[in-house]
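Have a look at the structure below, then the notes.
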Amino acid sequence: MKEEKIITPANGYLMLFVFLILFFGSIAAIIAFKNPLPAITILLSIILAIGFIMVNPNNSRVLLLFGKYVGTIKQNGFYWVNPFYTKKKISLRASNFDSERLKVNDKLGNPIMISTILVWRVNNTYKAAFDVDNYEHFVRVQTDAAVRKLASMYPYDNFADEGHDEDITLRSSVNEVSEALEKELEERLSIAGIEVLEARIGYLAYAQEIASAMLKRQQATAIVAARHKIVEGAVSMVEMALEELNKKELLVLDEERKAAMVSNLLVILCGDKDASPVVNAGTLNQ
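Residues 2 to 287 (the numbering used here) are what the sequence shown spells out, left to right.
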């Protein structure tokens with residue numbers, strides 16, 4: 002397989018000076034000598050004019066001579082090349098590709114909607130021009146394929162209560178997932194001479210048919226976690242209250258009264274609503 006060959010063609014301004022001399026000199030000779038023979042030189046100068054090309058910054062021209070690869074011009078400027086060269090323009094600028102939202106299954110089989118944002122540019126003009134049919138279409142198709150493969154490698158979220166405790170998930174492990182996506186795209190797009198500058202998940206959500214159920218599940222998980230934290234704190238506060246009462250000998254409580262106090266404190270501390278206190282003006286037995 003051939004590799005990219007960088008060439009620097011003839012200076013365009015010098016050849017423009019030669020073209021002007023040949024063209025206008027031939028016209029002047031025809032007028033002065035009344036001889037049509039210099040018309041051949043005019044035709045030759047017109048053919049030479051076809052060889053003028055201008056390469057803008059971050060652009061390139063791939064040159065072919067009757068199907069044979071000659072080289073690539075990457076340096077911007079005004080040049081002249083063989084008029085019979087076929088000149089194919091390939092941009093070297095960074096391009097953004099925002100893929101469509103794809104419906105795929107994650108590692109656990111849950112349907113999700115996912116899209117990616119890819120920043121890429123052509124690094125090897127020979128591969129981009131000749132190793133693939135259309136490198137821009139190639140980027141789109143391979144990006145979709147890479148996203149589908151990535152989604153099947155990781156779960157959307159952790160489900161530790163169901164025995165699915167993953168270190169990397171699509172929702173929480175943004176850096177790890179982006180690195181895996183970039184690596185996958187680099188392997189796929191290297192055949193087309195494409196350099197991956199950045200790749201990351203642009204959109205991620207559960208598919209519509211399970212989005213409502215998964216939202217309820219997340220809410221339930223959050224409520225359980227909050228309740229667990231509340232109960233843990235309430236038990237610590239009750240334990241501290243009993244220790245302080247015993248330490249300062251403010252009350253002497255038997256096991257039955259202690260259990261009643263613990264129950265009341267837990268109800269107050271773990272309740273969703275503010276407690277309404279009842280003042281007991283009698284003894285603890287009433």
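Glycine is no exception: its CB is placed at the ideal position from the N, C-alpha and C atoms.
Whole-angstrom distance between residue j and residue i, CA atom to CA atom
i: Ile195; j: Asp134; result: 14 angstroms
i: Leu38; j: Phe20; result: 18 angstroms
i: Gly164; j: Ala130; result: With a pLDDT of 48 at Gly164, under the threshold of 50, the predicted position of this residue should be treated as unreliable, and no value is reported.
i: Ser96; j: Tyr157; result: 28 angstroms
i: Ala235; j: Ser264; result: 11 angstroms
i: Leu15; j: Phe79; result: 10 angstroms
i: Ile115; j: Ala206; result: 7 angstroms
i: Glu188; j: Ser46; result: 48 angstroms
i: Ile231; j: Val239; result: 12 angstroms
i: Ala261; j: Asn159; result: 40 angstroms
i: Ala8; j: Tyr136; result: Correcting the residue type first, residue 8 is Ile in the shown sequence and not Ala. Rounded to whole angstroms, Ile8 to Tyr136 spans 22 angstroms at the Cα level.
i: Phe24; j: Trp81; result: 16 angstroms
i: Tyr155; j: Ala200; result: 17 angstroms
i: Asn36; j: Ala29; result: 10 angstroms
i: Glu101; j: Glu4; result: 33 angstroms
i: Ala208; j: Glu177; result: 23 angstroms
i: His229; j: Ala181; result: 36 angstroms
i: Ile192; j: Tyr127; result: 10 angstroms
i: Phe18; j: Pro10; result: 16 angstroms
i: Ser179; j: Asn106; result: 18 angstroms
i: Leu44; j: Val197; result: 47 angstroms
i: Asn59; j: Lys89; result: 14 angstroms
i: Ser237; j: Ile202; result: 43 angstroms
i: Gly13; j: Phe34; result: 31 angstroms
i: Gly68; j: Leu49; result: 20 angstroms
Collapsed DSSP secondary structure at residue i in the structure displayed
i: Ile231; result: helix
i: Arg122; result: strand
i: Thr9; result: coil
i: Gly203; result: strand
i: Asn247; result: helix
i: Thr42; result: helix
i: Leu171; result: coil
i: Leu186; result: helix
i: Tyr136; result: helix
i: Gly26; result: helix
i: Lys108; result: coil
i: Tyr70; result: strand
i: Asn159; result: coil
i: Gly164; result: Because Gly164 carries a pLDDT of 48, less than 50, the predicted location of this residue cannot be relied on, and the following value inherits that uncertainty. Of the three classes helix, strand and coil, the one that applies to Gly164 here is coil, per DSSP.
i: Phe85; result: coil
i: Ile32; result: helix
i: Ile51; result: coil
i: Ala208; result: coil
Contact with chain B by residue i, beta-carbon distance below 8 angstroms
i: Gly203; result: Looking at the structure shown, chain B is missing, and only one protein chain is on hand.
Beta-ladder partner(s) of residue i, from DSSP
i: Gly78; result: Val56
i: Glu4; result: Answer is none; Glu4 lacks a bridge partner.
i: Lys90; result: Arg62
i: Leu103; result: Ile115
i: Ser96; result: Trp121
i: Ile195; result: Val123
Anticipated Cβ contact below 8 angstroms, residue i with residue j, distance rounded
i: Ala147; j: Glu185; result: 5 angstroms
i: Ser27; j: Ala40; result: 7 angstroms
i: Thr42; j: Leu65; result: Not confirmed; about 28 angstroms, so no contact.
i: Pro112; j: Glu210; result: 7 angstroms
i: Arg172; j: Leu103; result: About 16 angstroms; that fails the 8 angstroms criterion.
At least three beta-carbon pairs within less than 8 angstroms, the segment 55-75 to the segment 168-184 = no
Please confirm if the segment 48-55 is in contact with the segment 105-124, defined as three or more CB-CB distances below 8 angstroms between the two stretches.
-> no
May I ask you to verify whether the segment 142-152 touches the segment 86-95, counting CB pairs closer than 8 angstroms and requiring at least 3?
-> no
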